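Undergrad: Quick one: the structure is below, questions incoming.
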Amino acid sequence: MACNLVVSNLSLKPGQRLRVQGEIAPEAKSFSLNLGKDDNNMCLHFNPRFNMHGDINTIVCNSKDGGAWGAEQRESAFPFQPGSVAEVCISFDQADLTIQLPDGHSFKFPNRLNLEAINYLTAEGDFMIKCVAFD
Ligand code: GAL
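Note that my numbering has the sequence shown beginning at 10, numbered continuously upward.
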């Protein structure tokens, strides 16, 4: 999938919060936000699927360690709508990443790679980034 955005040297530390705002394409099938060290080492692949790989309106999360995907985690919440602007906030500590969805609902995903800093962010798919902020 083509990358819309690649950010390196992020140096996001525990306790800091990353806020990503973007516009979901009207005919969106899927998009992902990927966080970690590089393309092969991601502590979070956050992948809302509107209609992709057999998933309808489902958030799929995973990690990638040394190029290998881990076990997927699926969320039942899906507060995303094609053709709208959405904001996702992500923070992390040694144990978990915390993902806050546009409706305020949040969930955790284990920090399987035990990264001490997140240096790399990419956005892929049907999501046009409008704003990236650190709080
Ligand atoms: C695969 C998909 C990848 C990624 C992965 C997550 O099926 O091709 O893009 O979403 O699932 O486990």
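Glycine residues also receive a C-beta, built at the ideal position from the N, C-alpha and C atoms.
The structure presented is a predicted model; accordingly, all values stated were derived computationally and were not measured.
Give a single yes or no on whether V97 has its beta carbon closer than 7 Å to a heavy atom of ligand 1.
TA: Looking up residue 97 in the sequence shown gives position 88. Checking every heavy atom of ligand 1 against the Cβ of V97, none is found closer than 7 Å.
Undergrad: Going by CA-CA distance only, name the one from G92, K117 and Q109 that's closest to Q103.
TA: As a first step, residue 103 is located in the sequence shown; it is residue number 94 there, counting from the start. For Q103, the nearest C-alpha among the options comes from K117.
Undergrad: Grab the span of the beta strand (DSSP E) containing Q30 for me, first residue to last.
TA: On the sequence shown, residue 30 is found 21 positions in, with the first residue counted as 1. Note, Q30: beta strand (DSSP E), R26 to I33.
Undergrad: Closer than 6 Å by C-beta to N43: which residues in its own chain qualify, once you throw out the five before and the five after it? Chain order, please.
TA: The residue you call residue 43 lines up with position 34 of the sequence shown. The residues are M51, H54 and T131.
Undergrad: Restricting to runs no shorter than 4 residues, where is the alpha helix (DSSP H) found entirely within the region 19-98?
TA: The qualifying runs do not exist here; there are none.
Undergrad: Can you name the residues that DSSP bridges to Q109?
TA: Along the sequence shown, read from residue 1 onward, the residue named residue 109 stands at position 100. Its beta-bridge partners are C98 and S115.
Undergrad: N49: beta carbon under 7 Å from a heavy atom of ligand 1?
TA: Taking the sequence shown and counting its residues from 1, the one referred to as residue 49 is at position 40. Not so, every heavy atom of ligand 1 lies at least 7 Å from the Cβ.
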